[in-house]
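Taking it in order: structure first as structure tokens, then the write-up.
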Amino acid sequence: MLDRKVAPPVQPLASVTLPAADVFMLPNGARLHVMRNSAQPVVRLQVVFRAGKWYEPSSGLSLLTARMLLEGTRSRTARQIADEVAFYGASIECEQGFDRATLTLYCLTRHLSNLLPLIQDVLTEATFPITELESLKTRTIQNIKIERQKNSYLAAELFSRNLYGSSHPYGNVFDESVFASTTQETVQAYYEAAYQFSQAEIFLCGDVSQTDENTVADSLGRVNKPTAPISVAKYTPQSASPQDYKKVADSLQASLRIGRLWPALTHPDIHKLQVLVKVLGGYFGSRLMRNIREDKGFTYGIYASVGPREYACSFAIGTDVNAESAKAAIHEIHHELRLLQTTPISIEELQTVKNYMTGKFANELSTVFEQCDKYKAIIFFDLPSNYYTHFIEEVNSVDSKQLLALAQQYLSPEDMIEVVAGP
Numbered sequence: 001m002l003d004r005k006v007a008p009p010v011q012p013l014a015s016v017t018l019p020a021a022d023v024f025m026l027p028n029g030a031r032l033h034v035m036r037n038s039a040q041p042v043v044r045l046q047v048v049f050r051a052g053k054w055y056e057p058s059s060g061l062s063l064l065t066a067r068m069l070l071e072g073t074r075s076r077t078a079r080q081i082a083d084e085v086a087f088y089g090a091s092i093e094c095e096q097g098f099d100r101a102t103l104t105l106y107c108l109t110r111h112l113s114n115l116l117p118l119i120q121d122v123l124t125e126a127t128f129p130i131t132e133l134e135s136l137k138t139r140t141i142q143n144i145k146i147e148r149q150k151n152s153y154l155a156a157e158l159f160s161r162n163l164y165g166s167s168h169p170y171g172n173v174f175d176e177s178v179f180a181s182t183t184q185e186t187v188q189a190y191y192e193a194a195y196q197f198s199q200a201e202i203f204l205c206g207d208v209s210q211t212d213e214n215t216v217a218d219s220l221g222r223v224n225k226p227t228a229p230i231s232v233a234k235y236t237p238q239s240a241s242p243q244d245y246k247k248v249a250d251s252l253q254a255s256l257r258i259g260r261l262w263p264a265l266t267h268p269d270i271h272k273l274q275v276l277v278k279v280l281g282g283y284f285g286s287r288l289m290r291n292i293r294e295d296k297g298f299t300y301g302i303y304a305s306v307g308p309r310e311y312a313c314s315f316a317i318g319t320d321v322n323a324e325s326a327k328a329a330i331h332e333i334h335h336e337l338r339l340l341q342t343t344p345i346s347i348e349e350l351q352t353v354k355n356y357m358t359g360k361f362a363n364e365l366s367t368v369f370e371q372c373d374k375y376k377a378i379i380f381f382d383l384p385s386n387y388y389t390h391f392i393e394e395v396n397s398v399d400s401k402q403l404l405a406l407a408q409q410y411l412s413p414e415d416m417i418e419v420v421a422g423p
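Written out as structure tokens, the structure reads:
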């Protein structure tokens, strides 16, 4: 008979190997990465450019350009683009991040060749119609104004500015006046310079045949633009005040952000540090959750996480608490940080975290799209091909003594940036 009082045995994940991707250099300089899995007759095509916030010459320009891509080309209106995508039961979107901009297409495999002319058109012939551009600018500014009424948004914005510095691409905040004055010509010029196929990474995954691969290579491998691509600028993070406060009138809650700059994903201790962060606040049973949510009742949730970006990484603890409890919550966060620096993690707790991390990692590889996302990290962060195999090995082998030493090196409260947004 099954005894429901006894947890089932946990089988450790010994190793993991990502499916191999075939990589092709296309005539225009783009690289095509193909990852095949015929489980479902669907494909995902992603064209990724160096067109994120890092590369924009003025506030919000990369965001505006990405969101305008589907608003019309020389041969298609926004309505025609939407109708064509809907006709084939596909989805298409363009997202902008801190480092890259990505155009993503999901469709049935048999419709891929029909949709490629549309993808090429959007990426080479976008016109940024003035009416839609002005409308998007107005909506974006309104949305930012609404977001800036939220403590969590203000705290995150202030934390980034203080962590990196106000002139750093990861730290400068959205400037409404600059954004509002952005012209159609400015957007067009940025589009021509940033959306360069000579620097593009193209990822095709799913039920991909040799014919599909050749069709994508032929369609996207020969287009290019004569404009010189945007070069990579170099910035050095310059932290501002280690403690800062944003007053929000009539607010009953306070939003806290505590953190610091963090080693890059290529650092030799990065996998061990991920274990340390998970113990602190990376899952529901973490120390911060047990203390500040379960024991003290200060919050519904609190997290500790690492934010990897191509040119700098950050570590952050974040939570929203009753304003009257903000000082006490910060005190308890400091207490948990110091505890990790002075007392070794128990074998039982460490094993629980290891099981959680390896199990969650295995679950994140259940589809070819998720596998491709892991592979993309290897490409963008210039990681070794055995990065994830090494991750499993390091997680399974790290011990409390090693984590104690890492906590002493990286988790001192005195080295943290602290910001509070609240009344």
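Residue numbers (full-length UniProt numbering): 1 to 423.
By construction, the Cβ of each residue, glycine as well, lies at the ideal position given by its N, Cα and C atoms.
| Asked | Found |
| --- | --- |
| Unbroken alpha helix (DSSP H) runs of length 4 or more, entirely within the stretch 56 to 126: which are they? | 61 to 68, 78 to 87 and 112 to 125 |
| Select from 111, 120 and 89 the residue whose C-alpha is nearest the C-alpha of residue 74. | 120 |
| How would you call residue 259, buried or exposed, if buried means at least 16 neighbouring beta carbons within 10 angstroms? | buried |
| Which residues in the same chain have their Cβ closer than 7 angstroms to the Cβ of residue 332, if we skip the five residues on either side of it in sequence? | 291, 292 and 296 |
| If you draw a straight line from the alpha carbon of residue 237 to that of residue 268, how long is it in whole angstroms? | 21 angstroms |
| Could you have a look at residue 199 and say whether DSSP puts it in helix, strand or coil? | helix |
| Which residues share a DSSP beta bridge with residue 49? | 101 |
| Whether or not the stretch 50 to 67 and the stretch 89 to 104 are in contact is what I'm after, with contact meaning three or more pairs of Cβ atoms, one per stretch, closer than 8 angstroms; do they touch? | yes |
| Unbroken beta strand (DSSP E) runs of length 3 or more, entirely within the stretch 135 to 173: which are they? | none |
| For residue 24, does the three-state DSSP call read helix, strand or coil? | strand |
| Can you tell me the Cβ-Cβ gap for residue 102 and residue 46, rounded? I've got them flagged as a contact below 8 angstroms. | 5 angstroms |
| With distance defined between alpha-carbon atoms, name the residue in 204, 152 and 198 nearest to residue 108. | 204 |
| State the DSSP-derived secondary structure class of residue 192, mapped to helix, strand or coil. | helix |
| Just the Cα atoms here: how many angstroms apart are residue 65 and residue 323? | 39 angstroms |
| If you draw a straight line from the alpha carbon of residue 406 to that of residue 336, how long is it in whole angstroms? | 14 angstroms |
| Alpha carbons only, please: which of 210, 352, 391 and 315 is nearest the one belonging to residue 164? | 315 |
| Does residue 162 pass the burial test, meaning 16 or more other C-beta atoms within 10 Å, or should it be called exposed? | buried |
| What's the C-alpha gap between residue 353 and residue 275? | 7 angstroms |
| Candidates 5, 20 and 4: which alpha carbon is nearest residue 386's? | 20 |
| What number of angstroms, rounded off, separates the C-alpha of residue 356 from the C-alpha of residue 349? | 11 angstroms |
| Measure the beta-carbon distance from residue 212 to residue 42 and round it to whole angstroms, keeping in mind my assumption that it falls under 8 angstroms. | About 12 angstroms; that fails the 8 angstroms criterion. |
| Taking C-alpha atoms, which residue in 254, 207, 111 and 169 lies nearest to residue 312? | 169 |
| Can you check DSSP and say which residues form a bridge with residue 287? | Looking at the DSSP assignment, residue 287 forms no beta bridge with any residue, so it has no partner. |
| Check the C-beta distance from residue 36 over to residue 208 and give it rounded, since I have them as a contact under 8 angstroms. | 5 angstroms |
| Is the beta carbon of residue 129 sitting closer than 8 angstroms to the one on residue 206? | no |
| For residue 326, which of 351, 256 and 373 has the nearest alpha-carbon? | 256 |
| Using the Cβ count rule (16 or more neighbours within 10 Å means buried), how would you classify residue 68? | buried |
| Note the first and the last residue of the continuous alpha helix (DSSP H) segment covering residue 212. | 210 to 220 |
| Give the C-beta separation of residue 16 and residue 266 to the nearest angstrom, bearing in mind that I take them to be a contact with Cβ-Cβ under 8 angstroms. | With 8 angstroms as the limit, residue 16 and residue 266 do not qualify as a contact, their Cβ atoms being about 19 angstroms apart. |
| Run through DSSP, which three-state label would residue 225 get? | coil |
| Examine the Cβ distances between the stretch 86 to 95 and the stretch 110 to 117 and report whether three or more of them are shorter than 8 angstroms. | yes |
| Where do the N-terminal and C-terminal ends of the beta strand (DSSP E) with residue 258 fall, by residue? | 253 to 262 |
| The beta strand (DSSP E) spanning residue 314 covers which residue range? | 313 to 322 |
| So residue 418 is in the beta strand (DSSP E); what residue range does that whole segment cover? | 417 to 422 |
| Do you know whose CA, among 280, 186 and 310, lies nearest residue 303's CA? | 280 |
| Between the stretch 184 to 203 and the stretch 223 to 230, are three or more C-beta pairs nearer than 8 angstroms? | yes |
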